[in-house]
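In the working numbering, the protein residues as written are 28 to 326.
What follows is a set of notes on a single structure, which appears directly below.
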């Protein structure tokens, strides 16, 4: 699994994929969808698909794939190696959703919540498989939101494909277990080798599981909270854990309202000096004029 396309710029999302086995372009195929990293406050969320011919379901089961959450990291790596060695009939694709993508989606003016982002990512991966020539007949998905509504939505989008949405699908269907393993292996590798674009010096990589209730994760978040700029893009700003810490530990920022009409407002904006961008207000809070465009790049 070559992660370099994502590691080159981990501020944006990235799709990675295996070669499409020839047999998957000729025979009816099943496809599983699962994700890794939905809950953590650190690192990306990775959506994965895995597919193989319906006639090869037994062979896939013999690879002993299982829900990635029940496996150790070493076991997941071994099973991913087994899937890779079965490349003549097994294919996969991943969508790595960067923490920055998740944060900006959830915090933009028109909210784009995590369920909607998850649905659209899964739909995009299924469409990728179809566009790549995979003869899809069966799709199995771990539920996000109400299972019946999600199943109906996918069935309408992909007529002719038998869609099954079930809770805990990663423990029920081997093809979903395989997708779960691909997604989890990718996330583990990305998090372990994260390249910080910000100038943080030597970063302490002992940030635990990345989940908000992990003491190591909490300690890391406290250590790397900048009082003005907040967190590096490794952190999901949209998570309540990060927001609460910034509210309590970071400098208070007041944003001027630039939406006033009339010549008076326009003249005031024209006359404002560059120094006012960094002026201190009473109480020590920093004051910044409201930016007219959003930037999701590095600090």
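Idealized CB from N, CA, C, for every residue including glycine.
By DSSP, does residue i sit in helix, in strand, or in coil?
i, result
"residue 302", "The predicted position of residue 302 is uncertain, since its pLDDT is 49 and thus under 50; no value can be drawn from it."
"residue 72", "strand"
"residue 191", "strand"
"residue 61", "strand"
"residue 247", "helix"
"residue 380", "Outside the displayed range of the chain (28 to 326) lies residue 380, so it cannot be described from this structure."
"residue 237", "coil"
"residue 37", "coil"
"residue 80", "strand"
"residue 257", "strand"
"residue 230", "coil"
"residue 280", "strand"
"residue 31", "helix"
"residue 262", "strand"
As a quick exercise: from the options, pick the residue whose alpha carbon is nearest that of residue i.
i, options, result
"residue 235", "229, 99, 227, 244", "244"
"residue 226", "106, 251, 202", "251"
"residue 54", "165, 212, 214, 179", "165"
"residue 144", "124, 28, 219, 109", "124"
"residue 103", "204, 224, 223, 255", "204"
"residue 37", "253, 238, 266, 223", "223"
"residue 259", "169, 69, 134", "69"
"residue 265", "174, 141, 279, 277", "141"
"residue 43", "153, 75, 57, 56", "75"
"residue 161", "28, 45, 87", "45"
"residue 47", "151, 156, 112", "156"
"residue 195", "121, 152, 97", "97"
"residue 154", "185, 34, 180, 65", "185"
"residue 175", "192, 89, 213, 238", "192"
"residue 238", "269, 197, 179", "269"
"residue 130", "67, 246, 57", "67"
"residue 147", "220, 197, 187, 73", "73"
Mind checking which residues open and close the alpha helix (DSSP H) that includes residue i?
i, result
"residue 276", "267 to 276"
"residue 169", "No alpha helix (DSSP H) holds residue 169; the beta strand (DSSP E) holding it covers 163 to 169."
"residue 103", "100 to 112"
"residue 41", "No alpha helix (DSSP H) contains residue 41, which is instead part of the beta strand (DSSP E) from 41 to 44."
"residue 216", "201 to 219"
"residue 180", "174 to 184"
Could you tell me how far apart the beta carbons of residue i and residue j are, in whole angstroms, since I believe they sit closer than 8 Å?
i, j, result
"residue 51", "residue 78", "6 Å"
"residue 278", "residue 262", "Residue 278 to residue 262, Cβ: 17 Å. No contact."
"residue 201", "residue 88", "5 Å"
"residue 30", "residue 190", "At roughly 30 Å, the Cβ-Cβ gap does not stay under 8 Å, so residue 30 and residue 190 are not in contact."
"residue 122", "residue 152", "6 Å"
Over what stretch of residues does the beta strand (DSSP E) that includes residue i continue unbroken?
i, result
"residue 121", "118 to 124"
Practice problem: Inspect the CB distances between the stretch 201 to 219 and the stretch 86 to 95 and report whether three or more fall short of 8 Å. | Solution: yes
Practice problem: Report yes or no: do the stretch 69 to 83 and the stretch 104 to 118 share at least 3 C-beta pairs separated by less than 8 Å? | Solution: yes
Quiz item: Between the stretch 54 to 63 and the stretch 166 to 178, are three or more C-beta pairs nearer than 8 Å?
Solution: yes
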